[in-house]
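**Q** My numbering numbers the first residue of the sequence shown as 1 and each following residue consecutively.
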Amino acid sequence: MRMIDHFISGGTAGLAAARKGKVMDPNNGGQQAEVVLGGADALERAVAAAQAAQPAWAAMNPQRRARVMFEFKALVEKHMDELAHMLSAEHGKVIADSKGDVQRGLEVVEFCCGLPHVLKGEHTQGAGPGIDVTSLRQPLGIGAGITPFNFPAMIPLWMGAVATSVGNAFILKPSERDPSVPNRLAELFLEAGMPEGIFQVIHGDKEMVDLILDHPAISAVSFVGSSDIAQYVYSRGVAAGKRVQAMGGAKNHGIVMPDADLDQVVGDLCGAAFGSAGERCMALPVVVPVGAETAEKLKAKLIPAIEALKVGISTDPDAQYGPVVTAEHKARIEGWIAKAIEEGSELVIDGRGFAMQGHEEGYFMGPTLLDHVTPDMDSYHNEIFGPVLQIVRAADFEEALALPSKHQYGNGVAIFTRNGHAAREFAARVNVGMVGINVPIPVPVAYHSFGGWKRSGFGDTDQYGMDGIAFWTKKKKITARWPDGGGDGSNAFVIPTMG
Ligand code: NAD
């Protein structure tokens, strides 16, 4: 059986692993590889390598660090097909989605190619007589990233590219469900000229996460995953004196106003609700038609479009989505569908019991559509994270606005309308972190930033963009006085002081 090891310093660690995890094959069912579930020995080794390498990396001029990012970008593009196939084989998403996963991460790498400009800092000449003040950003030292299964390339790159390009060493603890791509990214960073010990990967589960959170040499932890674990990671990391950002789960709503272009909405919803089998934190699993007439018209158009969706194996170029990640996750999604029916939702299309010919053991699900879902239902309140779309009907704009605003999650939301005023009002008032206007998945580009509100994000900085730079650096403020050295003692410099 293929064994996936840690990537420590310049290669595989070769440590004896007391525990191992199973890496499943979502397309065919069954186990395809083993991954080491590491402990303190692996983490200590990675920290020692990081401590040895980081000072010289931080001292390197930023342009040279940026050149590593340029080289890395070229290497990832060269290996795009290989990475996408590796990713699809463990995650189950179709190749086009895997390429998107890599590409969205690469856009953050592109942002990091411009790091010398961003790190220039601020300077005031003459803040007092003969006094200059400089604010500059310095790396934290060693940072860690803990990432979910659903974007095994993009999210490690959101964190790892920013953390390393500003001069930190970065230790990644990826999801144990699809661990191969992170190791390959580590190899490519090395090939791009990054020194050993700057981007490392250690595999594990909760035990490793706790070791990271408690380790005194790790200054910052960036986490992305489900909300209860995000909150736990945030609290424990902060209690240990670390800087922590922790992105959590989501239940994104798409509001459909009566004047929306319904054909566009249906096309967008089919991609946003079912693409990647709904395993996206920016999926749109809830659609909110405004008014009974909009609801009926939308439903009539949605049903045939959803029924026409093509589910297939990850390598099928015609498939719109592939299997979900594990048999346990499939059972969990089916459990939520049963719960929604029990709670009184109308089952319009049932995706359970779907079998893919020739891949009967794979973790496939057909698309599910539920109508008359209401805010008091557990199946509305919680994240399902599968190919399931719920219709929650709203009587008017205010009721529609209140739904995502009051929901426990506040990651993304979209409004579909031709009315500029309604869109503007919605964007201004909705209590959610990322808003799309006629855009179904409002993932902001790499030079803005990504982050949700409420239980979708703990901590006060977003991922990537200038927030990423702020998270992975600390600000130093230097106030300097250079006397003219006249020697007669007559220099009366005044340094500004507080109070
Ligand atoms: P998860 O929370 O199960 O796992 C995330 C990470 O935490 C993994 O590395 C895992 O090994 C680790 N972990 C698991 N159990 C733990 C525990 N008890 N204690 C400490 N660490 C633990 O998430 P997942 O199933 O891999 O990913 C899906 C979730 O991630 C969904 O909720 C999705 O919405 C969320 N997500 C959020 C964003 C965002 O930006 N907000 C992006 C992608 C995914």
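Ideal Cβ positions, reconstructed from N, Cα and C, are used throughout, including at glycine.
Quantities reported herein were computed from a predicted structural model and do not represent experimental measurements.
With respect to the beta strand (DSSP E) encompassing Phe170, which residues constitute its N-terminal and C-terminal limits?
**A** 169 to 173
**Q** Identify, in the order they occur along the chain, each residue of the same chain with its Cβ nearer than 6 Å to the Cβ of Val244, setting aside the five sequence neighbours on each side.
**A** Val221, Tyr234, Gly237, Val238, Gly459
**Q** Express the C-alpha separation of Tyr447 and Val256 in angstroms, rounding to a whole number.
**A** 29 Å
**Q** Since Phe354 and Gly335 should fall inside the 8 Å C-beta cutoff, what is the C-beta to C-beta distance between them, to a whole number of angstroms?
**A** Between Phe354 and Gly335 a beta carbon distance of about 16 Å is seen, past the 8 Å cut, so the two are scored as non-contacting.
**Q** So the candidates are Pro483, Thr479, Asp484, Thr497; which of them puts its Cα closest to the Cα of Gln125?
**A** Thr479
**Q** Comparing C-alpha positions only, which one of Ala48, Ala49, Ile441, Trp472 sits nearest to Cys270?
**A** Ile441
**Q** Nearest to Arg455 by alpha carbon, out of Asn419, Ala319, Tyr232?
**A** Tyr232
**Q** Using 7 Å as the cut-off, classify the Cβ of Phe458 as near or not near the heavy atoms of the ligand NAD, replying yes or no.
**A** no
**Q** Under the three-state reduction of DSSP, which class applies to Lys93: helix, strand or coil?
**A** Here Lys93 sits in coil by DSSP.
**Q** Is the stretch 180 to 192 touching the stretch 106 to 120 in the sense that three or more CB pairs, one from each, lie closer than 8 Å?
**A** no
**Q** Could you spell out the range, first to last residue, of the alpha helix (DSSP H) harbouring His117?
**A** Run containing His117: 115 to 118, per the alpha helix (DSSP H) assignment.
**Q** Would you say the stretch 246 to 261 touches the stretch 283 to 296, given that touching needs at least three Cβ pairs under 8 Å?
**A** Yes, the stretch 246 to 261 is in contact with the stretch 283 to 296.
**Q** How would you call Thr497, buried or exposed, if buried means at least 16 neighbouring beta carbons within 10 angstroms?
**A** exposed
**Q** What does Ile437 pair with, by DSSP beta-bridge criteria?
**A** Ile415
**Q** Where do the ends of the beta strand (DSSP E) carrying Glu301 lie?
**A** Residue 301 is actually Lys in this sequence, not Glu. Where Lys301 is concerned, there is no enclosing beta strand (DSSP E), although the alpha helix (DSSP H) around it starts and stops at 292 to 307.
**Q** If I follow the unbroken beta strand (DSSP E) through Gln51, where does it start and stop?
**A** Premise fails: Gln51 lies in the alpha helix (DSSP H), 40 to 59, not in any beta strand (DSSP E).
**Q** Can you give me the Cβ contacts of Gly121 inside the same chain, cut-off strictly under 8 Å, excluding the 5 residues immediately before and after it?
**A** Thr134, Ser135, Leu136, Arg137
**Q** The ligand NAD and Thr326: does the residue's C-beta get closer than 7 Å to at least one heavy atom of that ligand?
**A** no
**Q** So is the beta-carbon of Lys454 under 7 Å away from any non-hydrogen atom of the ligand NAD?
**A** no
**Q** Should Thr147 be listed as close to the ligand MG, given that the test is whether its C-beta is under 7 Å from any heavy atom?
**A** Looking for the ligand MG in the displayed structure turns up nothing; the ligands present are the ligand NAD.
**Q** Does the distance from the C-beta atom of Lys173 to that of Ile198 stay below 8 Å?
**A** no
**Q** Going by alpha carbons, who is nearest to Pro387 out of Ala46, Lys310, Pro182, Asp178?
**A** The shortest C-alpha separation from Pro387 is found at Lys310.
**Q** Thinking just about the alpha-carbon of each residue, which of Thr12, Ile8, Asn27 is nearest to the one in Lys330?
**A** Asn27
**Q** Within the same chain, show all residues whose beta-carbon is closer than 6 Å to that of Ala46, passing over the 5 residues directly before and after it, in chain order.
**A** Closer than 6 Å at Cβ, skipping near neighbours: Ile8, Ile171, Gln200, Ile202.
**Q** Where does the unbroken beta strand (DSSP E) through Gly21 begin, and where does it stop?
**A** 19 to 24
**Q** Can you determine whether any heavy atom of the ligand NAD sits closer than 7 Å to the C-beta of Ala246, and answer yes or no?
**A** Checking every heavy atom of the ligand NAD against the Cβ of Ala246, none is found closer than 7 Å.
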